[in-house]
Amino acid sequence: MNNTLFNQFAKQFFEAFLTPLGEVKLNLEVPAQPCVIQTLFVPFSESSTYSEILGNTSNEDETKSKNPEDQLSRQLLRGLLSQFGEFKTNVEIPTEPYYINIWFAPASQPPANPEALGVLNRIATTPCLIEPFCDELTEDDVQDCMAKLLRKQSQFQRQLNIEDEDALEEQLPKLWVLAPSVSEDVPDGFNATLSDEWFEGIYFLAPFLRSVIIAIDELPQIQETLLLRILGKGATQRQAIYEASALPKEDPRRSTILRLLATWKMGLKASAEIDREDRELLMILSDIPCEDV
9 MNNTLFNQFA
19 KQFFEAFLTP
29 LGEVKLNLEV
39 PAQPCVIQTL
49 FVPFSESSTY
59 SEILGNTSNE
69 DETKSKNPED
79 QLSRQLLRGL
89 LSQFGEFKTN
99 VEIPTEPYYI
109 NIWFAPASQP
119 PANPEALGVL
129 NRIATTPCLI
139 EPFCDELTED
149 DVQDCMAKLL
159 RKQSQFQRQL
169 NIEDEDALEE
179 QLPKLWVLAP
189 SVSEDVPDGF
199 NATLSDEWFE
209 GIYFLAPFLR
219 SVIIAIDELP
229 QIQETLLLRI
239 LGKGATQRQA
249 IYEASALPKE
259 DPRRSTILRL
269 LATWKMGLKA
279 SAEIDREDRE
289 LLMILSDIPC
299 EDV
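For reference, each letter of the sequence shown is one residue, going 9 to 301 in this note's numbering.
Structure (structure tokens):
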């Protein structure tokens with residue numbers, strides 16, 4: 009699938025449906041932050057792999073610390089580990105800005121009747137990062153998204169401290185990662201579990217990680233999941249598109265979905281880089297009457 013066109017559609021999709029509920033920002037930059045590792049050990053056999061990082065040691069005395077206990081622990085660790093590998097302190101790790109695909113912050117007074125948005129409305133109850141993928145989710149994808157979340161949480165907490173506000177748990181942002189499918193080893197690897205309060209296909213990582221993975225192809229085919237299933241693939245997406253086109257014409261979801269799909273369709277037709285999945289999507293959209301798409 010053409011990743012660029014999918015990303016454009018997904019961002020426009022969330023912007024259209026979430027803007028009435030709060031503030032939406034696309035491609036939000038989270039600035040780079042200095043990162044210093046207090047102590048780092050690398051076996052001699054791995055030194056070449058980490059040579060760039062090992063070269064970023066601070067010029068300060070490596071065992072010097074304002075805290076005598078920290079200084080003692082560093083000296084002890086150096087004595088124990090230096091015979092087996094490189095032992096460094098105050099190692100500076102270069103960082104780059106992160107870009108959040110979709111950032112959402114709920115309005116202080118959300119609309120009175122948002123139930124039609126289903127699961128999306130429940131997602132929009134807290135500040136959050138939304139990261140949609142057009143291919144099967146991998147371990148690296150989740151880790152990259154969690155790095156964005158941690159950076160944003162750190163920025164968020166600093167802002168709260170500056171404004172003398174309590175960093176309440178409900179104020180910290182969450183991460184929602186959406187993918188058309190998720191292999192079994194990804195939820196297992198992150199110890200993610202289903203919740204009785206949510207639908208099948210929605211996996212929650214450990215509470216302190218504040219992260220959720222949504223496997224779109226595992227969601228039940230009900231109205232509450234319709235919007236998210238539009239972002240799926242194959243049969244899942246086809247069914248969701250047909251359901252959307254069958255909504256009453258006065259339903260605002262119908263006009264919004266079909267308008268966005270029409271834009272995606274035009275992009276696919278104009279693109280020279282489409283694959284089998286893109287052609288299948290074009291066929292699905294062609295099955296909908298011209299006046300709809």
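All residues carry an ideal CB built from backbone N, CA and C; glycine is no exception.
Where N11 falls: helix, strand or coil (DSSP): Reading the sequence shown from its first residue, position 3 is the one you call residue 11. Collapsing the DSSP output to three states places N11 in a helix.
Local Cβ density within 10 Å of R267, reported as buried at 16 or more and exposed below that: One-based indexing of the sequence shown puts residue 267 at position 259. When all chains shown are included, R267 counts as exposed.
Beta-carbon proximity list for Q161, same chain, < 7 Å, skipping 5 on both sides: Translated into the one-based positions of the sequence shown, residue 161 becomes position 153. The beta carbon of Q161 lies closer than 7 Å to those of L180, P181 in the same chain, with the five residues before and after it left out.
V50 versus Y106: straight-line alpha-carbon distance, rounded: Position 42 of the sequence shown, counted from the start, is the residue given in the question as residue 50. Position 98 of the sequence shown, counted from the start, is the residue given in the question as residue 106. So the alpha carbons of these two residues sit roughly 27 Å apart.
Residues near N35 by beta carbon distance below 6 Å, same chain, minus five either side: Within the sequence shown, residue 35 is the residue found at index 27, counting from 1. So the list reads Y107, once near-sequence residues are dropped.
Residues near Q163 in its chain [Cβ-Cβ closer than 7 Å; skip 5 each side]: Working through the sequence shown from its first residue, we reach residue 163 at position 155. Short of 7 Å from the beta carbon of Q163, and not among the five residues preceding or following it, lie these beta carbons of its own chain, in chain order: V38.
Same chain, Cβ closer than 6 Å to T146, neighbours up to 5 away in sequence not counted: Counting from 1 along the sequence shown, the entry for residue 146 is found at position 138. In its chain, beyond the 5 residues on either side, no residue has a beta carbon closer than 6 Å to the beta carbon of T146.
Whole runs of the alpha helix (DSSP H) within the segment 11 to 39, excluding any shorter than 4 residues: Those alpha helix (DSSP H) runs which fall completely within the segment 11 to 39 and span 4+ residues are 11 to 26.
Nearest-angstrom Cβ-Cβ length linking Q41 and T97, presumed shorter than 8 Å: As a position in the sequence shown, residue 41 is number 33, starting the count at 1. As a position in the sequence shown, residue 97 is number 89, starting the count at 1. Contact flag wrong, Cβ pair sits at about 20 Å.
Close beta carbons around L85, own chain, < 7 Å, minus the five adjacent residues each side: In the sequence shown, the residue the question calls residue 85 occupies position 77. Correct list, in chain order: T47, F95.
Alpha-carbon to alpha-carbon, N10 and D283: Your numbering for residue 283 matches position 275 in the sequence shown. Your numbering for residue 10 matches position 2 in the sequence shown. One Cα belongs to D283, the other to N10, and the distance between them is close to 7 Å.
Between the CA atoms of F198 and L276 - distance to the nearest angstrom: Mapped onto the sequence shown, residue 276 falls at position 268. Mapped onto the sequence shown, residue 198 falls at position 190. Taking the straight line from one Cα to the other gives about 35 Å.
Three-state secondary structure assigned by DSSP to N199: Working through the sequence shown from its first residue, we reach residue 199 at position 191. N199 falls in the coil class under three-state DSSP.
Selection from L239, Q245, E31, F22 that minimises the alpha carbon distance to S116: Here residue 116 refers to the residue found at position 108 of the sequence shown. Out of L239, Q245, E31, F22, the CA that lies nearest to the CA of S116 is found in E31.
Closest Cα partner of G93 within the set E77, E54, G209: Along the sequence shown, one-based indexing puts residue 93 at 85. It is E54 whose Cα lies nearest to the Cα of G93.
Simplified DSSP state of L290, which is helix, strand or coil: Here residue 290 corresponds to residue number 282 of the sequence shown, with the count starting at 1. Note: L290 maps to helix in three-state DSSP.
Nearest-angstrom beta carbon gap, A248 and L269 [assumed within contact, 8 Å]: Taking the first residue of the sequence shown as position 1, residue 269 is located at position 261. Taking the first residue of the sequence shown as position 1, residue 248 is located at position 240. Cβ-Cβ separation between L269 and A248: approximately 10 Å, too far for a contact (criterion under 8 Å).
Cβ contact (3+ pairs, closer than 8 Å) linking the segment 213 to 228 and the segment 250 to 257: Cβ pair count under 8 Å is below three, so no.
Residues sharing a beta bridge with A223, DSSP: Locating residue 223 in the sequence shown gives position 215, counting from the first residue. In the DSSP output, where bridge partners are listed per residue, A223 has A187.
Buried/exposed call for P119, threshold 16 Cβ in 10 Å: Numbered from 1 along the sequence shown, position 111 holds the residue referred to as residue 119. Burial call: exposed.
CA-to-CA distance, L88 to D143, given in whole angstroms: For the purposes of this step, residue 143 is taken as the residue at position 135 of the sequence shown. For the purposes of this step, residue 88 is taken as the residue at position 80 of the sequence shown. So the alpha carbons of these two residues sit roughly 46 Å apart.
L293 versus R246: straight-line alpha-carbon distance, rounded: As a first step, residue 293 must be located in the sequence shown, where it is residue number 285. As a first step, residue 246 must be located in the sequence shown, where it is residue number 238. Taking the Cα positions, L293 is about 9 Å away from R246.
Those residues which DSSP pairs with K182 across a bridge: Taking the sequence shown and counting its residues from 1, the one referred to as residue 182 is at position 174. Looking at the DSSP assignment, K182 forms a beta bridge with C136.
Secondary structure of L255, DSSP reduced to three states: Residue 255 sits at position 247 when you count from the first residue of the sequence shown. L255 sits in coil when the DSSP states are folded into three classes, being neither helix nor strand.
The segment 223 to 231 touching the segment 182 to 202, judged by at least three CB pairs closer than 8 Å: The segment 223 to 231 vs the segment 182 to 202: in contact.
Helix, strand or coil at E281 according to DSSP, with G and I counted as helix: Within the sequence shown, residue 281 is the residue found at index 273, counting from 1. DSSP places E281 in coil when its eight states are reduced to three.
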